[in-house]
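Reading the sequence shown from the start, the letters are residues -14 to 27 in the numbering used here. The C-beta atom is built at its ideal place from N, Cα and C for all residues, glycine as well.
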Amino acid sequence: LLLYLVSKVRLELLYYNITKIDSYEYYLLVVGKKVSRVKEKV
-14 LLLYLVSKVR LELLYYNITK IDSYEYYLLV VGKKVSRVKE KV
């Protein structure tokens, strides 16, 4: 599961780099929500 999340994050980072969107804070916000969601499931 961790490996899947890491690869997913890498793909998302790659996507942001390609689209050249300078939204690192927004990305952190999205990741934070995903992490909190995962913690709730556990």
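- Whole-angstrom distance between R22 and L(-4), CA atom to CA atom: Within the sequence shown, numbered from 1, the residue matching residue -4 stands at position 11. Within the sequence shown, numbered from 1, the residue matching residue 22 stands at position 37. Between L(-4) and R22, the C-alpha separation is close to 20 angstroms.
- Check whether the Cβ atoms of L(-2) and Y12 lie closer than 9 angstroms to each other. Counted from its first residue, the sequence shown places residue -2 at position 13. Counted from its first residue, the sequence shown places residue 12 at position 27. It is a contact, given that the beta carbons lie within the stated cut-off.
- Query: Between L(-14) and K19, is the Cβ-Cβ spacing less than 9 angstroms?
  - Reply: As a first step, residue -14 must be located in the sequence shown, where it is residue number 1. As a first step, residue 19 must be located in the sequence shown, where it is residue number 34. Their beta carbons are not under 9 angstroms apart, which means L(-14) does not touch K19 by this criterion.
- Message: Can you tell me whether L36 is helix, strand or coil according to DSSP?
- Response: What the structure shows of the chain is the stretch from -14 to 27, and residue 36 is not part of that stretch, so it cannot be assessed.
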